[in-house]
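Going by the working numbering, 1229 is the number at position 114 of the sequence shown; the sequence numbering is gapless.
Take a look at the structure set out below.
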Amino acid sequence: MVNYKTWMKEVNDDTSIGKLSIPGTHNSAACHTALPSVQCQGESVTDQLKHGVRFLDIRCGKLFLKEGDEAKDLQVIHGKFPVKIPFPEKLTDVLEEVYDFVGDNDSETVIVSLKQEGTDDWNNDDDEFANCIWDRYINKNKDKWYLENNIPRLQDARGKVILFRRFGLKNQDKENSFGFDAHTWKYNTTNDDRGTFAVQDFCELEDASAIEKKVDYVADFAKNAIEYNSSNSDPKLFVNFGSGANFFNTECWPEKVAIKMSDGHIDKHFGKGNGVIVLDYVERDDWKLVKKLIDHNF
């Protein structure tokens, strides 16, 4: 029986991260009291990791009502809204949860996707956001991160946090030592292949009927990942978002999408080499989809 807390311990050292079937969470730290359209998870980041989640999607931005350096003590954001009210959820605290987990479980690795959201007043022509992330969060904890711009083998990333960088970088001197470059893909895409990674992120749901379409896109992309990984040796990371929303339609809020995803039998399309499948409310049905995805690694 798989120990989901340390499931990577049973995977061969030489295995490429891209060849695994990895459960992930969308807006992973959006698990607190917030607007119901903002909350995406029912359990903490720590609990997600203990149950086998190994990809975390974290969006962050400046502190509201603060200025200058004080505003750069970043909070976790979902779109334009804080994921925790009335007090902000700090990026520092979320990353400490991840550091504590890999520190206690050095057979594991966690992919952390970092993206800028919230206010748009960053001067990114001068890499302001990138420099903030580097100076305040990564450089002082550099020994805890895997920062090469590639898909590592498991043995190279055990006990570390893999940076999946969803922000741009003008400074090309840092390009190969500032994480896996995933700073752009087509918005609302059903399949965008960028060479080293491919993404399904169809997220604009007009109404509840569009959720069925979303389930189909997740299933098709999961099959694409298996087909690629079973016939190619070149590493490629498939990132398959099971999330979608419509802020103005309560039937398309994250929990409703998660129910359809769990009940839509996407697990029939799980297999060895699915890549990352990113879900809302992963604790649903006793972590059913997380467990089933992990099981296919064995």
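Virtual Cβ for every residue (Gly too), placed ideally from N, Cα, C.
It should be emphasised that the depicted structure is a prediction, and the values quoted were computed from it without experimental measurement.
Beta bridge counterpart(s) of residue i as assigned by DSSP
i            : result
residue 1230 : 1174
residue 1205 : 1190
residue 1381 : The partner list for residue 1381 (beta bridge, DSSP) is empty, contrary to what the question assumes.
residue 1320 : Residue 1320 is not bridged to any residue.
residue 1314 : 1307, 1354
residue 1360 : 1319
residue 1260 : 1276
residue 1196 : 1193
residue 1225 : 1276
residue 1131 : 1268
The beta strand (DSSP E) enclosing residue i, as first and last residue numbers
i            : result
residue 1353 : 1352 to 1356
residue 1138 : 1136 to 1140
residue 1244 : That residue, residue 1244, is in no beta strand (DSSP E); its alpha helix (DSSP H) goes 1243 to 1248.
For residue i, the nearest candidate out of the options (CA to CA)
i            : options                : result
residue 1341 : 1170, 1383, 1387       : 1387
residue 1163 : 1329, 1126, 1216, 1278 : 1216
residue 1278 : 1135, 1210, 1382, 1379 : 1210
residue 1204 : 1370, 1149, 1355, 1409 : 1149
residue 1373 : 1185, 1253, 1181, 1323 : 1323
residue 1152 : 1351, 1197, 1258       : 1197
residue 1339 : 1363, 1305, 1184, 1371 : 1305
residue 1189 : 1233, 1154, 1223, 1400 : 1233
residue 1412 : 1400, 1385, 1254       : 1385
residue 1166 : 1352, 1223, 1379       : 1223
residue 1147 : 1202, 1392, 1368       : 1202
residue 1249 : 1309, 1280, 1375       : 1280
residue 1307 : 1142, 1332, 1252       : 1332
residue 1143 : 1228, 1125, 1121, 1311 : 1228
residue 1182 : 1394, 1208, 1237, 1213 : 1237
residue 1381 : 1207, 1351, 1404, 1187 : 1404
residue 1141 : 1257, 1406, 1230       : 1230
residue 1206 : 1321, 1145, 1257       : 1145
Distance CB(residue i)-CB(residue j) smaller than 8 angstroms
i            : j            : result
residue 1178 : residue 1160 : no
residue 1139 : residue 1168 : yes
residue 1136 : residue 1409 : yes
residue 1175 : residue 1192 : yes
residue 1266 : residue 1348 : no
residue 1396 : residue 1157 : yes
residue 1355 : residue 1379 : no
residue 1225 : residue 1276 : yes
residue 1351 : residue 1312 : yes
residue 1273 : residue 1235 : no
residue 1337 : residue 1392 : yes
residue 1134 : residue 1344 : yes
residue 1129 : residue 1270 : yes
The alpha helix (DSSP H) enclosing residue i, as first and last residue numbers
i            : result
residue 1280 : Residue 1280 -> not in any alpha helix (DSSP H); beta strand (DSSP E) instead, spanning 1276 to 1280.
residue 1297 : Segment: none, residue 1297 is in no alpha helix (DSSP H) and carries neither H nor E.
residue 1393 : Note, residue 1393: premise wrong, no alpha helix (DSSP H); beta strand (DSSP E) at 1390 to 1394.
residue 1272 : 1269 to 1272
residue 1405 : 1399 to 1410
residue 1160 : 1160 to 1165
Inset, instruction - Please determine if the segment 1278 to 1289 and the segment 1230 to 1242 are in contact, where contact requires at least 3 C-beta pairs separated by less than 8 angstroms. - result: yes
Legend entry - Inter-stretch contact (C-beta, 8 angstroms, three-pair minimum) for the segment 1311 to 1328 and the segment 1353 to 1369: Counting Cβ pairs under 8 angstroms, three or more are found: they touch.
Inset, instruction - Kindly confirm or deny that the segment 1258 to 1270 and the segment 1293 to 1309 touch, where touching means at least three C-beta pairs closer than 8 angstroms. - result: yes
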